[in-house]
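Chemist: FYI, my numbering numbers position 83 of the sequence shown as 177, with every residue one higher than the one before it. Using N, Cα and C, we set each Cβ at its ideal position, and we do this for glycine too.
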Amino acid sequence: MKQLTEKIKAEGSVLSPTILKVDTFLNHQVDPQLMLEIGKEFASRFAGSGITKILTIESSGIAPAVMAGLQLQVPVVFARKRKSLTLVKDLITASVYSFTKEENNEISVSSKFLSEDDTVLIIDDFLANGQAALGLAEIANKAKAYIAGFGIVIEKGFQDGGRLLREEGYRVESLAIIKSLENSIVTFEHSDEGKAEMIR
Ligand code: G4P
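(1) Any heavy atom of ligand 1 closer than 7 Å to the Cβ of S189?
(2) What does V266 pair with, by DSSP beta-bridge criteria?
(3) Is the beta carbon of V182 closer than 8 Å to that of F207?
(4) With a threshold of 7 Å, establish whether the CB of N221 neighbours any heavy atom of ligand 1.
(5) Which of the three DSSP states is assigned to S274 in this structure?
(6) Please find out if some non-hydrogen atom of ligand 1 comes closer than 7 Å to the beta-carbon of V171.
(7) Per DSSP, what kind of secondary structure is S110 in: helix, strand or coil?
(8) Looking only at C-alpha atoms, which of V108, L259, Q97, A227 sits nearest to N277?
(9) Look at the Cβ atom of G229, then the Cβ atom of A162, and state whether they are nearer than 8 Å.
(10) Find the nearest neighbour of P158 within the set S178, N121, Q225, I145, judged by alpha-carbon distance.
(11) Could you tell me the distance, in whole angstroms, from the CA atom of D211 to the CA atom of Y240?
(12) Quick one: what does DSSP say F140 is sitting in, helix, strand or coil?
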């Protein structure tokens with residue numbers, strides 16, 4: 095998605111050979127116009143898939159997921175990472191291992207928001223090692239919902255998440271795929287999207 099890769103080139107910064115910072119438009123400050131375009135792109139890629147619900151995880155998945163939900167005219171459910179005061183019973187949970195924090199976290203969704211009648215599109219901001227995505231899939235599977243696929247804003251192609259999901263047979267649509275962040279330069283998978291020199 096051209097607009098997204100241009101935004102990454104213009105505003106992203108490489109924090110390390112594995113971490114891209116995009117807090118000016120995705121992870122802290124949010125660019126609503128770009129999120130709307132991202133929502134339209136997910137909606138068009140999954141048009142005709144019979145999506146009834148979008149599933150994401152707080153916090154940074156929510157903005158792109160809501161815009162996709164707006165376009166597809168379906169509700170958006172986000173998994174919680176912390177127990178909510180009002181979310182106490184009939185929870186569907188999954189354990190998600192964070193490589194960055196080296197800890198297991200339990201994520202949860204109320205069972206009243208997902209059922210076997212649902213066809214789910216799972217959306218997230220980043221796909222790195224795939225642990226969050228697999229946890230969301232586990233929740234959808236426990237609810238017996240059908241998973242139509244994954245919509246990812248930025249996939250880091252040099253980490254294992256994309257391969258794991260595709261090997262499990264899931265459809266994964268990533269709007270930008272990063273091949274490398276070595277030497278503080280962002281290289282995209284698709285050669286027409288070029289390289290961004292980002293030594294900031
Ligand atoms: P995984 O789910 O794919 O296995 O990812 P991992 O545990 O490695 O990542 C944990 C958190 O770090 C997630 O956000 C994920 O989106 C984010 N993350 C992973 N790689 C990058 C990166 O290159 N850049 C940025 N900016 N974030 C990355 P989180 O802690 O759940 O945060 P949030 O959703 O509340 O913002």
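Modeler: Once the coordinates are examined:
(1) Checking the Cβ of S189 against ligand 1 gives no.
(2) F244
(3) no
(4) It is worth fixing the name first, because residue 221 is Leu in this sequence and not Asn. Look at L221: its beta carbon is less than 7 Å from one of the heavy atoms in ligand 1.
(5) DSSP places S274 in strand when its eight states are reduced to three.
(6) False, no ligand heavy atom lies under 7 Å from that Cβ.
(7) strand
(8) Scanning V108, L259, Q97, A227 for the CA closest to the CA of N277 turns up V108.
(9) It is not a contact, given that the beta carbons lie outside the stated cut-off.
(10) The candidate whose alpha carbon is nearest that of P158 is N121.
(11) 8 Å
(12) coil
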